[in-house]
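K.L.:
Residue numbers (the working numbering), protein chains in the order written: chain D, 1 to 313; chain V, 1001 to 1265; chain L, 2001 to 2264.
Structure representation (structure tokens):
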């Protein structure tokens, strides 16, 4: 019984305790996002978890997180659908390498030009992973909120995880993406603008929605230099439960351009981080490792010198 | 003379002098759509040209005739502010945007609105449900007396809390968030956003915080940005900001040498 | 009197490619060339241009106050104290993008156009109301993109939504090492796909992160590598017939490598 409940709420008390900062200023009040919902509020039928991946700031990695988390969860045996909610500027299909297989999109389903099955795109490699694409040639305000909510509920009946990739911003597209979700993951980078926007978004989510934080694209050597904020600073402002810390890596650009998930790139630290996040979402107690500064200044200079020599030779 | 409509009421630009000449124009404008304006609220933008309190009588009488409540005056000069006060108007400080309003068209945290409602503001509740009849719904009882606001929780960037009275927040005010009070402001937490105390012109108002790291502080008509060199405290370091000799000064809280008794609010 | 055609919207579609950084640094570079420049933050509710410029603490009025008639334009403009000729019109943070209309934004843009040599409007990400507001008063567009599939796709979509406006491209965050190894599109590839003239090319540089966090645009410091890049971009914008920086072969990179080789 308690196992079900843990899966439902993604409770991961151990890892967030590890990071509990000695901050005298933790808010004592306000809804506790990790609170266990009482038994009576669980629906009679076990349905999938609908989670929106959002940020406010663009370019911090929502789509990458959605694609890779979806892939990692599918590898863990779950039935997953990733939903592109960025009508007009869709990118989830490209990141997943499925753009050539897109036939219909979510608006087609809502407007009853096709069935949900006809719009869902099965991943090339993982049978339990599907994509619901967004329209490219339509506008976000053509998607009514109640229709999106019903669509997400229908997906929850078929999948264990419904991951909704939220567009940047806080306008109609954002409201659309959160309307069907019961949980949220906010993605930020350790930079002032991104944290500010993440804070804005956190304030716009429903007060009782469980919210977790991923700090993405960390460059440990920049944190050391003080150029990037450290995790404590980020948490001091955002005061959210941390579910993952992901290092910056050019693997991600390579992976995006190839349409393959970075979790599939062997040896990728970024990929490993996503797998750990997926494990935490499934209730496993996976500690967040201290990121090593693997790229010393010395070795970076060397690599650029190698580049110079090969250019001449 | 210009009448501009905003979500929170009317802005009457009354820069010309003598104001008596404006009264007729005002009546003419309001008479074109009398029912539209009825129940609304207006802020008078009086500019910097001097005037006498009685000059405002005609304006205020006209507004009353059309059922428009005068919310206050924005004055760009001290003499103008004195005249406005003499006519019974409240002074709205620095920018009208800073004026405390019962219901605000800025985004408010959902539980803030709840706290507000629990203070007995059924008028505000109606106004929020029907933003277009915003002005009509605000009732006199919402504006009378001091309404202290005691809020447990933090404000995130973009959220705003305003009160006719004092504000106490048990929580943090993040950068990008705002507190606006006619009285004092006290933050039992870290103040990183903007706080405006004494927003109607009370120079004796103060801002207290466990950690005072604001983007900007405003007290009455004074404004100060915190200097970049201020070290960030690692733990609580209670401080108070108040106006001393015409400037905003920050002191360690807890030591109060004999100061003249401020009015109790 | 004929209207000046000096209002540029800096847009991209994709978030995070560098619109705000480009607006700030291009603005600084133009001011350093002696121009009177107004930067407008159109990202209401998610404002960042003030942070990137380090002017956050001086905001009193914002563009929504101006649009609603609560203040005069000069009260909303913040003069940058570090150089003459650079002004910021900030966005509101505690409001939503629906707080201003396209007509209001257009009026703001046009009134600034007559007072300044150049007006740059920092557009929010996306193609919703905020985007439409930002382009309302613009004569031309500067589309910022990265040599990356998703960014280019969004830039392409944006190009189709700019009407008759002239649009030029800024290719941001180029990594020559990855272009050489074939892991990143080249600037020529980008130009060909988007079919527009390149206004500028900016190499990826960690200094940008530091400068945006601290509110000190790199273009302020003539000794910084990137300052030269933005200076060239500014001069091209003003109509000078200069070649855009070719980051693979240009002098800046060669000089850096020479210095490093010399040290070894």
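We treat Cβ as the ideally placed atom computed from N, Cα and C, and that holds for glycine.
Under the DSSP definition of a beta bridge, which residues are partnered with residue 143/D?
P.N.:
Position 143 of the first chain holds residue 143/D. Residue 143/D pairs with nothing; no bridge assigned.
K.L.:
As a quick exercise: from 2146/L, 2012/L, 2156/L and 2224/L, pick the residue whose alpha carbon is nearest that of residue 2347/L.
P.N.:
Absent from the structure is residue 2347/L, since the part of chain L shown begins at 2001 and ends at 2264.
K.L.:
Residue 2010/L by DSSP, collapsed to three states: which one?
P.N.:
On the third chain, position 10 is the one that residue 2010/L refers to. Reduced to three states, the DSSP call for residue 2010/L is strand.
K.L.:
Is it buried or exposed, residue 1034/V, if we count other Cβ atoms within 10 angstroms and call 16 or more buried?
P.N.:
By one-based count along the second chain, residue 1034/V stands at place 34. Burial call: exposed.
K.L.:
Which residues does DSSP pair with residue 2198/L in a beta bridge?
P.N.:
Counted from its first residue, the third chain places residue 2198/L at position 198. Answer is 2169/L, bridged to residue 2198/L.
K.L.:
Identify whether residue 4/D lies in helix, strand or coil by the three-state DSSP scheme.
P.N.:
Locating residue 4/D in the first chain gives position 4, where the first residue counts as 1. Below a pLDDT of 50, predicted positions are generally treated as unreliable, and residue 4/D, at 39, falls in that range; the measurement from the model is reported next regardless. Secondary structure at residue 4/D: helix, using DSSP grouped into helix, strand and coil.
K.L.:
Assuming contact is defined by CB atoms lying nearer than 7 Å, are residue 1011/V and residue 1043/V in contact in what I supplied?
P.N.:
For the purposes of this step, residue 1011/V is taken as the residue at position 11 of the second chain. For the purposes of this step, residue 1043/V is taken as the residue at position 43 of the second chain. In contact: residue 1011/V and residue 1043/V (Cβ atoms closer than 7 Å).
K.L.:
Grab me the residues of residue 2007/L's own chain with a C-beta within less than 6 Å of its C-beta, minus the 5 sequence neighbours each way, in chain order.
P.N.:
Residue 2007/L sits at position 7 when you count from the first residue of the third chain. Beyond the five residues adjoining it in sequence on each side, residue 2007/L comes within less than 6 Å, by CB distance, of 2109, 2113, 2119, 2137, 2138 and 2139 in the same chain, given in chain order.
K.L.:
Can you give me the start and stop residues for the beta strand (DSSP E) that residue 216/D sits inside?
P.N.:
On the first chain, residue 216/D is found 216 positions in, with the first residue counted as 1. Run containing residue 216/D: 211-218, per the beta strand (DSSP E) assignment.
K.L.:
Against chain L, with Cβ distances strictly below 7 Å, would residue 1189/V count as a contact?
P.N.:
For the purposes of this step, residue 1189/V is taken as the residue at position 189 of the second chain. Answer no: the Cβ-Cβ gap between residue 1189/V and chain L never drops below 7 Å.
K.L.:
Could you check how far apart the C-beta atoms of residue 282/D and residue 135/D are, in whole angstroms? I think they sit under 8 Å.
P.N.:
Within the first chain, numbered from 1, the residue matching residue 282/D stands at position 282. Within the first chain, numbered from 1, the residue matching residue 135/D stands at position 135. At roughly 32 Å, the Cβ-Cβ gap does not stay under 8 Å, so residue 282/D and residue 135/D are not in contact.
K.L.:
Would you list the one or two residues that DSSP bridges to residue 1002/V?
P.N.:
Walking along the second chain from the start, residue 1002/V turns up at place 2. Paired residue(s): 1013/V.
K.L.:
Could you tell me how far apart the beta carbons of residue 1019/V and residue 1047/V are, in whole angstroms, since I believe they sit closer than 8 Å?
P.N.:
One-based indexing of the second chain puts residue 1019/V at position 19. One-based indexing of the second chain puts residue 1047/V at position 47. Actually they do not touch by this definition, with Cβ atoms about 10 Å apart.
K.L.:
Using a Cβ-Cβ cutoff of 8 Å, what residues of the stretch 188-209 of chain D are near chain L? List them in chain order.
P.N.:
191, 192, 193, 196, 197 and 200
K.L.:
Anything in chain L within Cβ reach of residue 1011/V, meaning under 7 Å, just list it in chain order.
P.N.:
The residue you call residue 1011/V lines up with position 11 of the second chain. Chain-order list of chain L residues neighbouring residue 1011/V: 2069 and 2070, by C-beta distance under 7 Å.
K.L.:
In chain order, what residues of the same chain lie with their CB nearer than 6 Å to the CB of residue 2162/L, ignoring the 5 residues before and after it?
P.N.:
Counted from its first residue, the third chain places residue 2162/L at position 162. Once the five neighbours on either side are set aside, the close Cβ partners of residue 2162/L are 2141.
K.L.:
Rounded to the nearest angstrom, what separates residue 1150/V and residue 1179/V at their Cα positions?
P.N.:
As a working mapping, residue 1150/V is identified with position 150 in the second chain. As a working mapping, residue 1179/V is identified with position 179 in the second chain. If I take the Cα positions, the gap works out to 12 Å.
K.L.:
Assuming residue 2131/L and residue 2011/L form a contact by the criterion Cβ under 8 Å, report the distance between their Cβ atoms to the nearest whole angstrom.
P.N.:
As a first step, residue 2131/L must be located in the third chain, where it is residue number 131. As a first step, residue 2011/L must be located in the third chain, where it is residue number 11. The pair is a contact, with the Cβ atoms about 7 Å apart (cut-off 8 Å).
K.L.:
Give me the Cα-Cα distance between residue 2240/L and residue 2232/L, rounded to the nearest whole angstrom.
P.N.:
Within the third chain, the letter at position 240 stands for residue 2240/L. Within the third chain, the letter at position 232 stands for residue 2232/L. Using only the alpha carbons, I get a separation of about 9 Å.
K.L.:
Determine which residues of the stretch 235-268 of chain D have a Cβ less than 9 Å from any Cβ of chain V, and write them out in chain order.
P.N.:
236, 237, 238 and 239
K.L.:
Answer yes or no: does any C-beta atom of chain L fall closer than 7 Å to that of residue 170/D?
P.N.:
Position 170 of the first chain holds residue 170/D. True, the Cβ-Cβ gap to chain L drops below 7 Å.
K.L.:
Just to confirm, is the Cβ distance from residue 2048/L to residue 2022/L under 7 Å?
P.N.:
Reading the third chain from its first residue, position 48 is the one you call residue 2048/L. Reading the third chain from its first residue, position 22 is the one you call residue 2022/L. Their beta carbons are not under 7 Å apart, which means residue 2048/L does not touch residue 2022/L by this criterion.
K.L.:
Can residue 105/D and residue 133/D be called in contact, C-beta distance under 7 Å?
P.N.:
Residue mapping note: residue 105/D aligns to position 105 of the first chain, counting from 1. Residue mapping note: residue 133/D aligns to position 133 of the first chain, counting from 1. Contact flag set, yes.
K.L.:
Using a beta-carbon distance below 7 Å, is residue 2207/L in contact with chain V?
P.N.:
Numbered from its first residue, the third chain carries residue 2207/L at position 207. No, residue 2207/L lies away from the interface with chain V (no Cβ there is under 7 Å from its Cβ).
K.L.:
Work out the CA separation of residue 79/D and residue 117/D for me, nearest whole Å.
P.N.:
What you label residue 117/D is simply residue 117 of the first chain in a count that begins at 1. What you label residue 79/D is simply residue 79 of the first chain in a count that begins at 1. The straight-line gap from Cα to Cα measures roughly 15 Å.
K.L.:
Can residue 2127/L and residue 2143/L be called in contact, C-beta distance under 7 Å?
P.N.:
Translated into the one-based positions of the third chain, residue 2127/L becomes position 127. Translated into the one-based positions of the third chain, residue 2143/L becomes position 143. No.
K.L.:
Residues of chain D with CB closer than 9 Å to the CB of residue 2022/L, please, in chain order.
P.N.:
Locating residue 2022/L in the third chain gives position 22, where the first residue counts as 1. Per Cβ cutoff of 9 Å: no residues; residue 2022/L is ~13 Å from chain D at best.
K.L.:
Hey, quick one: how far does the alpha helix (DSSP H) through residue 233/D stretch, first residue to last?
P.N.:
What you label residue 233/D is simply residue 233 of the first chain in a count that begins at 1. 231-238 is the span of the alpha helix (DSSP H), which, as asked, contains residue 233/D.
K.L.:
Residue 2032/L: buried (16+ other C-beta within 10 angstroms of its C-beta) or exposed?
P.N.:
Counting from one through the third chain, the residue named residue 2032/L turns up at place 32. Buried, because 16 or more other Cβ atoms sit within 10 Å of the Cβ of residue 2032/L.
K.L.:
Decide yes or no for the touch test of the stretch 2032-2045 of chain L against the stretch 2094-2108 of chain L: beta carbon pairs closer than 8 Å, at least 3 of them.
P.N.:
yes
K.L.:
Assign residue 1242/V to one of three DSSP states: helix, strand, or coil.
P.N.:
Taking the second chain and counting its residues from 1, the one referred to as residue 1242/V is at position 242. In this structure, residue 1242/V counts as strand in the three-state DSSP scheme.
K.L.:
Please work out which residues of its chain come closer than 7 Å, Cβ to Cβ, to residue 159/D, disregarding the five sequence neighbours upstream and downstream, and give them in chain order.
P.N.:
For the purposes of this step, residue 159/D is taken as residue 159 along the first chain, with counting starting at 1. Within the same chain, residue 159/D has close Cβ partners 48, 79, 80 and 81.
K.L.:
Between residue 2056/L and chain V, is the shortest Cβ-Cβ distance under 7 Å, so that the two count as touching?
P.N.:
One-based indexing of the third chain puts residue 2056/L at position 56. Cβ-Cβ to chain V under 7 Å: yes for residue 2056/L.
K.L.:
Spatial neighbours of residue 317/D within its chain, please: CB distance less than 6 Å, with the 5 preceding and 5 following residues excluded, ordered by chain position.
P.N.:
In the structure as shown, chain D starts at 1 and stops at 313, and residue 317/D therefore has no counterpart that could be examined.
K.L.:
Along chain L, which residues have their Cβ under 7 Å away from the Cβ of residue 1201/V?
P.N.:
Sequence index remark: in the second chain, residue 1201/V carries index 201 (1-based). Here the premise fails: no neighbours, minimum Cβ distance about 16 Å.
K.L.:
Quick check on residue 188/D: does DSSP put it in helix, strand or coil?
P.N.:
For this step, residue 188/D is matched to residue 188 along the first chain. DSSP places residue 188/D in strand when its eight states are reduced to three.
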